[in-house]
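Take 1 as the starting number for the sequence shown in UniProt numbering and just add one per residue. Note that the Cβ used here is the ideal one computed from N, Cα and C, for glycine as well. I have placed the structure first, in the form of structure tokens, so that the comments after it can refer back to it.
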Amino acid sequence: MRFILFLTAFFASLSSATSAMGLSVQECRDIKDVYGWAPDGCQSLTLVATKPQSQSMTKPAEVQATEPSAQQVEDHIFFPAGGTNLDRKALRQIELLTQLLNGEVLGKACIALIGHSDTSGGEIANMQVAQARADAVGIAMRQRLANPLKVEKVLAAGESLPLENLSPRSRWQRRVEIRARTCAVSM
Numbered sequence: 001m002r003f004i005l006f007l008t009a010f011f012a013s014l015s016s017a018t019s020a021m022g023l024s025v026q027e028c029r030d031i032k033d034v035y036g037w038a039p040d041g042c043q044s045l046t047l048v049a050t051k052p053q054s055q056s057m058t059k060p061a062e063v064q065a066t067e068p069s070a071q072q073v074e075d076h077i078f079f080p081a082g083g084t085n086l087d088r089k090a091l092r093q094i095e096l097l098t099q100l101l102n103g104e105v106l107g108k109a110c111i112a113l114i115g116h117s118d119t120s121g122g123e124i125a126n127m128q129v130a131q132a133r134a135d136a137v138g139i140a141m142r143q144r145l146a147n148p149l150k151v152e153k154v155l156a157a158g159e160s161l162p163l164e165n166l167s168p169r170s171r172w173q174r175r176v177e178i179r180a181r182t183c184a185v186s187m
């Protein structure tokens, strides 16, 4: 839910700031880093990766989290063990996202869906269940979108890209990642 509210506010402010070319180079970099694309107003700016400020040579041992971060929750739809069925929470999240994609705020956005799994099964089975999860979300979204072509990609990564700081066997690894970007073709 917070993901949808964040996207609404983000794209509302983005469209007004972009049209006025009011985004700074750092804001454009941040958008590019988080979403994998830059708004039209950023196209003329140089989006060169910046070095993080100097850090201590010794890095403290990372503590493994038991739950995903708020940002990770906002960018994913989660599933039960071995499951590919969408629960009420997932359907509500899909409903809200498709409303935004059908409206002005995200009207020019397209999405890619990437299915993931934990490591509790075999690699091939995990890839298959990850694809089935992505397909389930894709079908639900396409049924609700005014233009089903806004779901540009439905892919599976299986167990190969676990969420950082979480055990590869964690239930939170069973998910579909949602990536939004500006559509390649005008919708």
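Simplified DSSP state of residue i, which is helix, strand or coil
i	result
Ile114	strand
Gly158	strand
Gln55	Per-residue confidence for Gln55 stands at a pLDDT of 41, beneath the threshold of 50, marking its modelled position as unreliable; no derived number is given.
Arg174	coil
Gly82	coil
Glu123	helix
Glu104	coil
Leu145	coil
Asp87	coil
Strand pairing of residue i, partner residues [DSSP]
i	result
Leu166	Ala65
Thr182	Ala109
Val151	Ile111
When the options are compared against residue i, the one with the closest alpha-carbon
i	options	result
Gly121	Ala134, Asp75, Gln64 and Pro168	Pro168
Ser69	Leu101, Arg181, Ile94 and Trp172	Trp172
Ser160	Ile124, Val105 and Ala109	Ile124
Arg181	Ala65, Arg175 and Val105	Val105
Val154	Ser170, Lys108 and Val129	Val129
Val185	Asn147, Leu163 and His116	Asn147
Ser117	Val137, Phe79 and Gln99	Phe79
Lys91	Gln71, His76, Ile111 and Glu164	Strictly speaking, residue 91 in this sequence is Leu, with Lys absent from that position. Residue His76 is the option with its Cα nearest to Leu91.
Where the beta strand (DSSP E) containing residue i begins and where it ends
i	result
Phe78	His76 to Phe78
Integer-rounded CB distance, given that residue j should sit under 8 angstroms from residue i
i	j	result
Ala134	Leu86	The pair is not a contact, with the Cβ atoms about 12 angstroms apart (cut-off 8 angstroms).
Arg144	Ile94	7 angstroms
Ile111	Val151	6 angstroms
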